[in-house]
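S.K.: Here you go, one structure.
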Amino acid sequence: MRKVLRPEEAAEMIPDGASLLIGGFMGVGGPMRMMNALVARGARDLTIIANDSGHKGIGIGALVAAGAVRKMITSHIGLNPETQAKMIAGEIEVELVPQGTLIERIRAGGFGLGGVLTPTGLGTEVENGKQVIEVDGKRFLLEKPIKADFALVRAWRADYIGNLSYAFTARNFNPTIAMAGKVVIAEPESIVPTGAIAPDDVHTPGAIVDHLLTRGA
Amino acid sequence: MRKVLRPEEAAEMIPDGASLLIGGFMGVGGPMRMMNALVARGARDLTIIANDSGHKGIGIGALVAAGAVRKMITSHIGLNPETQAKMIAGEIEVELVPQGTLIERIRAGGFGLGGVLTPTGLGTEVENGKQVIEVDGKRFLLEKPIKADFALVRAWRADYIGNLSYAFTARNFNPTIAMAGKVVIAEPESIVPTGAIAPDDVHTPGAIVDHLLTRGA
Amino acid sequence: MEPKELIARRVALELKAGMLVNLGIGLPSMVARFVPSGHGIFFQTENGFIGTGGRPPEGMEDPHLTDAGAGFVMAEPGAATIDSTMVFGLIRGGHMDLTVLGGLQVDEAGQLANWQVPGKMVPGMGGAMDLVTGAAAVIVAMQHSAKGEARVVRKCTLPLTSLRRVDLVVTDMAVLKPTEAGLVLRERAPGVSVEDIVAQTEARLIVEGDIPEMKLA
Amino acid sequence: MEPKELIARRVALELKAGMLVNLGIGLPSMVARFVPSGHGIFFQTENGFIGTGGRPPEGMEDPHLTDAGAGFVMAEPGAATIDSTMVFGLIRGGHMDLTVLGGLQVDEAGQLANWQVPGKMVPGMGGAMDLVTGAAAVIVAMQHSAKGEARVVRKCTLPLTSLRRVDLVVTDMAVLKPTEAGLVLRERAPGVSVEDIVAQTEARLIVEGDIPEMKLA
Numbered sequence: 001m002r003k004v005l006r007p008e009e010a011a012e013m014i015p016d017g018a019s020l021l022i023g024g025f026m027g028v029g030g031p032m033r034m035m036n037a038l039v040a041r042g043a044r045d046l047t048i049i050a051n052d053s054g055h056k057g058i059g060i061g062a063l064v065a066a067g068a069v070r071k072m073i074t075s076h077i078g079l080n081p082e083t084q085a086k087m088i089a090g091e092i093e094v095e096l097v098p099q100g101t102l103i104e105r106i107r108a109g110g111f112g113l114g115g116v117l118t119p120t121g122l123g124t125e126v127e128n129g130k131q132v133i134e135v136d137g138k139r140f141l142l143e144k145p146i147k148a149d150f151a152l153v154r155a156w157r158a159d160y161i162g163n164l165s166y167a168f169t170a171r172n173f174n175p176t177i178a179m180a181g182k183v184v185i186a187e188p189e190s191i192v193p194t195g196a197i198a199p200d201d202v203h204t205p206g207a208i209v210d211h212l213l214t215r216g217a
Numbered sequence: 001m002r003k004v005l006r007p008e009e010a011a012e013m014i015p016d017g018a019s020l021l022i023g024g025f026m027g028v029g030g031p032m033r034m035m036n037a038l039v040a041r042g043a044r045d046l047t048i049i050a051n052d053s054g055h056k057g058i059g060i061g062a063l064v065a066a067g068a069v070r071k072m073i074t075s076h077i078g079l080n081p082e083t084q085a086k087m088i089a090g091e092i093e094v095e096l097v098p099q100g101t102l103i104e105r106i107r108a109g110g111f112g113l114g115g116v117l118t119p120t121g122l123g124t125e126v127e128n129g130k131q132v133i134e135v136d137g138k139r140f141l142l143e144k145p146i147k148a149d150f151a152l153v154r155a156w157r158a159d160y161i162g163n164l165s166y167a168f169t170a171r172n173f174n175p176t177i178a179m180a181g182k183v184v185i186a187e188p189e190s191i192v193p194t195g196a197i198a199p200d201d202v203h204t205p206g207a208i209v210d211h212l213l214t215r216g217a
Numbered sequence: 001m002e003p004k005e006l007i008a009r010r011v012a013l014e015l016k017a018g019m020l021v022n023l024g025i026g027l028p029s030m031v032a033r034f035v036p037s038g039h040g041i042f043f044q045t046e047n048g049f050i051g052t053g054g055r056p057p058e059g060m061e062d063p064h065l066t067d068a069g070a071g072f073v074m075a076e077p078g079a080a081t082i083d084s085t086m087v088f089g090l091i092r093g094g095h096m097d098l099t100v101l102g103g104l105q106v107d108e109a110g111q112l113a114n115w116q117v118p119g120k121m122v123p124g125m126g127g128a129m130d131l132v133t134g135a136a137a138v139i140v141a142m143q144h145s146a147k148g149e150a151r152v153v154r155k156c157t158l159p160l161t162s163l164r165r166v167d168l169v170v171t172d173m174a175v176l177k178p179t180e181a182g183l184v185l186r187e188r189a190p191g192v193s194v195e196d197i198v199a200q201t202e203a204r205l206i207v208e209g210d211i212p213e214m215k216l217a
Numbered sequence: 001m002e003p004k005e006l007i008a009r010r011v012a013l014e015l016k017a018g019m020l021v022n023l024g025i026g027l028p029s030m031v032a033r034f035v036p037s038g039h040g041i042f043f044q045t046e047n048g049f050i051g052t053g054g055r056p057p058e059g060m061e062d063p064h065l066t067d068a069g070a071g072f073v074m075a076e077p078g079a080a081t082i083d084s085t086m087v088f089g090l091i092r093g094g095h096m097d098l099t100v101l102g103g104l105q106v107d108e109a110g111q112l113a114n115w116q117v118p119g120k121m122v123p124g125m126g127g128a129m130d131l132v133t134g135a136a137a138v139i140v141a142m143q144h145s146a147k148g149e150a151r152v153v154r155k156c157t158l159p160l161t162s163l164r165r166v167d168l169v170v171t172d173m174a175v176l177k178p179t180e181a182g183l184v185l186r187e188r189a190p191g192v193s194v195e196d197i198v199a200q201t202e203a204r205l206i207v208e209g210d211i212p213e214m215k216l217a
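Protein chains in written order, with UniProt numbering: chain Y, 1 to 217; chain H, 1 to 217; chain C, 1 to 217; chain Z, 1 to 217.
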């Protein structure tokens with residue numbers, strides 16, 4: 001059984017300068033209450049690893065707008081012109097990573113693998129500065145694992161011991177980032193009794209979740 | 001909508017000398033009817049990639065006993081003395097692979113990755129003949145991807161378009177091998193109407209399943 | 001007919017029952033409107049779903065079920081949720097039969113640039129690099145020229161998306177087949193002459209025999 | 001008390017609420033019997049389950065729910081099914097707080113051999129190499145000697161399971177702590193003297209001060 005945290009309490013646990021893996025895809029399945037609490041507490045110098053930088057002023061976009069972000073590792077900033085503008089102005093460092101490479105690098109971090117060997121990016125700008133490994137005559141980029149100080153996960157349901165399940169496309173990066181954060185904080189929409197999520201329906205086992213947020217309003 | 005195959009028809013599709021990925025863990029979640037049909041048709045020279053060689057005379061053990069197997073790539077043969085005896089007698093070639101490396105090599109094959117960088121096996125017999133890759137000062141074995149001509153998957157439920165779900169520990173290798181067979185044949189215990197498996201409960205999407213066997217008796 | 005509709009209608013003819021298909025955002029996503037109902041195609045969306053349908057009825061929208069641009073979608077019967085590692089496993093592993101993507105430039109080598117105009121538009125590559133590298137077939141769907149500038153060029157001047165030669169280019173003027181020998185003109189849009197096409201194309205085209213008009217249904 | 005029960009009882013004291021724990025087959029699996037009810041420990045089984053319980057009531061066995069040896073088990077409330085990639089992601093990624101494994105030999109470097117007696121017994125390593133390499137803590141649970149032969153040796157003569165130094169060795173005679181300086185004798189079994197232990201140990205032991213008797217509950 002776990003004690004739940006209010007979003008403000010979770011935001012207090014996350015120091016300035018921390019690296020955060022954040023779930024969601026264009027905000028869908030993103031831990032919105034946790035991100036808003038980080039904005040509210042005036043977080044600074046965060047490194048954010050996430051699929052995208054969301055829409056302007058919302059979710060990750062709100063963190064960007066508030067000046068909380070020093071660096072992003074992401075696959076897409078195209079739907080948030082503010083991130084692009086801040087990148088061009090040199091206010092935010094952005095490392096652009098192909099989406100399939102990004103999620104696999106995070107998985108490698110969480111799964112204890114030394115890196116990812118992918119054909120994606122070979123012969124493009126993405127190859128610059130990277131090791132190329134040949135396996136049986138085929139060439140692959142060696143992409144390094146990613147881990148972070150915190151993983152902020154949004155779930156549809158959690159049970160009392162932290163098992164999580166996700167709904168539809170709100171799943172996306174969430175189960176993978178939950179493996180790669182030193183501390184894993186889950187923001188559930190609802191909290192149900194232990195046993196109410198059948199074993200085959202658990203998408204992230206409670207054993208790797210450190211903290212649960214209060215349920216959504 | 002798919003046409004279902006009887007086990008004998010599936011066994012006819014699999015030629016002698018084929019490589020087969022077979023799901024299951026000590027027989028649990030193994031495609032028993034398909035394996036029995038392969039024994040019945042007198043299959044020969046198969047290469048089998050699976051977690052283990054089962055119990056004597058059952059499932060993969062039945063294929064071993066029938067002399068259908070030329071080579072196994074597996075993590076464990078300890079509970080089937082017949083496989084050990086045939087290995088020592090030189091009748092079956094056995095490549096022993098750590099279980100976590102085996103499943104990850106199969107995943108790499110199915111997911112289009114060039115290999116696996118794992119710390120497992122470093123400094124042991126498993127390292128022999130393999131490339132060691134250094135990433136940020138840490139050493140990893142480069143283990144190669146595995147694919148096969150066929151993946152034989154056992155499912156709990158299938159729907160009419162081939163979506164699969166598994167029950168409890170009968171899941172094990174099944175969802176991963178389904179990605180790494182050129183032809184994927186699924187053996188379901190029951191077949192339910194399309195839509196009866198909710199999207200969040202589908203463990204293997206029908207889009208990658210080529211053939212369905214008739215339901216279990 | 002609008003140029004975009006013409007392109008989408010022509011591309012739709014390439015989609016066959018049983019195929020797993022990814023449609024990029026923008027123009028490519030229009031293709032889904034022009035496939036016959038009961039089509040038997042598996043549409044995958046990059047944010048983690050197979051079997052997306054059109055926009056839900058008013059009031060039935062679910063914030064957990066969206067396309068890659070965070071727009072509401074429906075689920076077809078037999079739909080399946082997948083996480084982001086699986087999305088790109090399907091793509092990189094060659095399970096994705098076809099992807100349709102927008103383009104900024106395609107050149108005589110059949111290579112595509114579609115993710116960046118350095119210094120002007122840096123949205124990030126999202127999943128495009130993985131898709132172009134890994135999908136079994138890649139169709140580029142784009143307007144033949146933009147603001148008077150040719151997009152079918154001798155050699156891409158914008159950063160490449162992948163070294164891979166794409167399989168087909170469908171524009172509002174022509175259907176082009178990239179081959180080892182160069183770009184072969186296959187079809188003309190209704191009412192467009194070969195001379196018109198050549199005039200608006202920077203690349204050298206291979207024109208052999210009579211060039212038929214596109215079929216659109 | 002049986003030697004095996006003594007070992008299992010002593011190991012059980014190392015397990016704490018909230019830990020994710022893997023128990024090897026054989027002796028290690030006995031440990032689960034000696035943790036208090038309502039223990040809050042997550043027991044993982046290698047074939048893909050977190051939260052296994054004991055044997056089900058007569059007639060309630062489910063062939064889809066077994067331990068790594070294909071024996072029937074129950075599920076505790078809050079149990080979760082995981083596939084084999086996730087099993088080893090948890091292990092390799094350092095999420096597994098503790099594993100308890102059997103041993104054939106442990107040496108002064110704290111290295112373990114437990115998967116092969118060349119030419120005699122070649123069961124395969126199963127998950128042992130991943131577990132010993134990746135788990136946060138490794139306890140070896142074994143009889144101090146077998147058929148008069150010491151198992152705590154100067155240098156393993158059997159093939160190593162991993163280069164990693166294990167964290168604790170619990171036998172029916174002693175608790176040993178492998179350290180950089182060598183094997184430190186920490187505890188004696190009830191009624192066993194330091195001299196008895198030294199006599200049945202090939203390795204040099206570091207014995208400092210009074211060696212207390214094992215607690216067993």
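Ideal Cβ positions, reconstructed from N, Cα and C, are used throughout, including at glycine.
Relative to chain C, which residues along the region 170-185 of chain Y have a C-beta separation below 9 Å, given in chain order?
M.R.: For the region 170-185 of chain Y, which is checked against every Cβ of chain C, the residues closer than 9 Å are ALA170, ARG171, ASN172, PHE173, ASN174, PRO175, THR176.
S.K.: What does the Cβ neighbour count give for Z/PRO123, buried or exposed, with the cut at 16 atoms within 10 Å?
M.R.: Flag for Z/PRO123 reads buried.
S.K.: Would Z/PHE34 pass as an interface residue toward chain H - the criterion being a Cβ-Cβ separation below 8 Å?
M.R.: No, because no Cβ of chain H sits closer than 8 Å to the Cβ of Z/PHE34.
S.K.: Take Z/VAL117 as the anchor and find which of H/GLU125, H/ASP52, H/LEU164, H/MET34 has the nearest alpha-carbon.
M.R.: Among H/GLU125, H/ASP52, H/LEU164, H/MET34, the Cα nearest to that of Z/VAL117 is on H/GLU125.
S.K.: Assuming Z/ALA113 and Z/CYS156 make a contact with CB atoms under 8 Å, what is their CB distance in whole Å?
M.R.: Rounded, the Cβ-Cβ distance is 4 Å, consistent with contact.
S.K.: In chain Y, what lies closer than 8 Å to H/LYS144 by C-beta?
M.R.: Correct list: VAL135, ASP136.
S.K.: Which residues, taken in chain order from the region 70-90 of chain Z, show a beta carbon closer than 7 Å to some beta carbon of chain H?
M.R.: For the region 70-90 of chain Z, which is checked against every Cβ of chain H, the residues closer than 7 Å are ALA70, THR81, ASP83, SER84, THR85, PHE88.
S.K.: Can you find a C-beta in chain Y that's less than 8 Å from the C-beta of C/PRO57?
M.R.: Cβ-Cβ to chain Y under 8 Å: no for C/PRO57.
S.K.: Classify Z/ASP83: buried if its beta carbon has 16 or more other beta carbons within 10 angstroms, exposed otherwise.
M.R.: Buried, by the Cβ-count rule.
S.K.: For the region 195-214 of chain Y, list every residue whose C-beta sits within 7 Å of some C-beta in chain H, in sequence order.
M.R.: If the cut-off is 7 Å between Cβ atoms, the region 195-214 of chain Y has PRO199, ASP200, ASP201 near chain H.
S.K.: Drop a sphere of 10 angstroms on the beta-carbon of C/LYS120, count the other beta-carbons inside from all chains shown, and report buried for 16 or more, exposed for fewer.
M.R.: Label assigned to C/LYS120: exposed.
S.K.: Tell me which residue opens and which closes the alpha helix (DSSP H) that Z/MET86 is part of.
M.R.: Counting along the chain, the alpha helix (DSSP H) containing Z/MET86 begins and ends at 84-92.
S.K.: Does any residue of chain H bring its CB to less than 8 Å from the CB of Z/PRO178?
M.R.: By this cut-off, Z/PRO178 is not an interface position.
S.K.: Along chain Y, in chain order, which residues have C-beta atoms closer than 7 Å to that of H/VAL116?
M.R.: Neighbours of H/VAL116 on chain Y, chain order: LEU113.
S.K.: Go ahead and pull the three-state DSSP assignment for Z/VAL198.
M.R.: Of the three classes helix, strand and coil, the one that applies to Z/VAL198 here is helix, per DSSP.
S.K.: Sort out for me which residues DSSP pairs C/GLN116 with in a bridge.
M.R.: In the DSSP output, where bridge partners are listed per residue, C/GLN116 has none listed.
S.K.: By alpha-carbon positions, which one of H/ASP200, H/VAL28, H/PRO119, H/ILE49 ends up nearest to H/PHE150?
M.R.: The shortest Cα separation from H/PHE150 among H/ASP200, H/VAL28, H/PRO119, H/ILE49 belongs to H/ILE49.
S.K.: According to the Cβ coordinates, are Y/GLN99 and Y/ASN174 closer than 8 Å?
M.R.: Going by C-beta atoms, Y/GLN99 is not nearer than 8 Å to Y/ASN174.
S.K.: Between C/VAL184 and C/ILE7, what straight-line distance do the alpha-carbon atoms span, to the nearest angstrom?
M.R.: C-alpha separation (whole angstroms): 18 Å.
S.K.: Measure the beta-carbon distance from Y/HIS158 to Y/LEU79 and round it to whole angstroms, keeping in mind my assumption that it falls under 8 Å.
M.R.: It is worth fixing the name first, because residue 158 of chain Y is Ala in this sequence and not His. The pair is not a contact, with the Cβ atoms about 29 Å apart (cut-off 8 Å).
S.K.: Of all the CB atoms in chain Y, is at least one closer than 8 Å to the CB of Z/ARG92?
M.R.: Judged by the 8 Å Cβ criterion, Z/ARG92 is in contact with chain Y.
S.K.: Looking at the structure shown, is Z/ILE7 part of a helix, part of a strand, or coil, going by DSSP?
M.R.: Z/ILE7: helix per DSSP, three-state reduction.
S.K.: For Z/THR133, report the span of its beta strand (DSSP E) as first-last.
M.R.: No beta strand (DSSP E) contains Z/THR133, which is instead part of the alpha helix (DSSP H) from 128-134.
S.K.: Can you say whether Y/VAL202 is buried or exposed, counting buried as having 16 or more other CB atoms within 10 angstroms of its CB?
M.R.: Buried: at least 16 other Cβ atoms inside 10 Å.
S.K.: Could you tell me if Z/ASP107 is buried or exposed, where buried requires 16 or more neighbouring beta carbons within 10 angstroms of its beta carbon?
M.R.: Buried: at least 16 other Cβ atoms inside 10 Å.
S.K.: What residues in the region 139-169 of chain Y bring their beta carbon closer than 8 Å to a beta carbon of chain Z?
M.R.: The residues in question are ASP159, TYR160, ILE161, ASN163.
S.K.: Does the separation of the CB atoms of C/PHE49 and Y/PHE168 fall below 8 Å?
M.R.: Result yes, Cβ atoms of C/PHE49 and Y/PHE168 sit closer than 8 Å.
S.K.: At a CB-CB cut-off below 8 Å, which residues of chain Z make contact with Y/GLY67?
M.R.: In chain order: nothing, as chain Z lies at least about 33 Å away.
S.K.: Using a Cβ-Cβ cutoff of less than 6 Å, which residues in the same chain neighbour Y/GLY17 once the five nearest sequence positions on both sides are dropped?
M.R.: So the list reads ASP45, once near-sequence residues are dropped.
S.K.: Three or more C-beta pairs under 8 Å: does that hold for the region 63-77 of chain Y against the region 88-99 of chain H?
M.R.: The region 63-77 of chain Y, when compared against the region 88-99 of chain H, does not touch it at the 8 Å Cβ threshold.
S.K.: When you compare only the Cα positions, how much space is there between Z/PRO36 and Z/GLY53?
M.R.: C-alpha separation (whole angstroms): 13 Å.
S.K.: Count Cβ pairs between the region 4-15 of chain H and the region 190-201 of chain Y that sit closer than 8 Å; are there 3 or more?
M.R.: Segments in contact, no.
S.K.: Do we get a CB-CB distance below 8 Å when we pair Y/GLY90 with the residues of chain C?
M.R.: So no, Y/GLY90 is outside the interface.
S.K.: Identify whether H/THR83 lies in helix, strand or coil by the three-state DSSP scheme.
M.R.: In this structure, H/THR83 counts as helix in the three-state DSSP scheme.
S.K.: Along the alpha helix (DSSP H) that carries Y/PRO7, what are the first and last residues, could you check?
M.R.: From DSSP, the alpha helix (DSSP H) with Y/PRO7 extends over 7-13.
S.K.: In this structure, does DSSP put C/PRO28 in helix, strand or coil?
M.R.: In this structure, C/PRO28 counts as helix in the three-state DSSP scheme.
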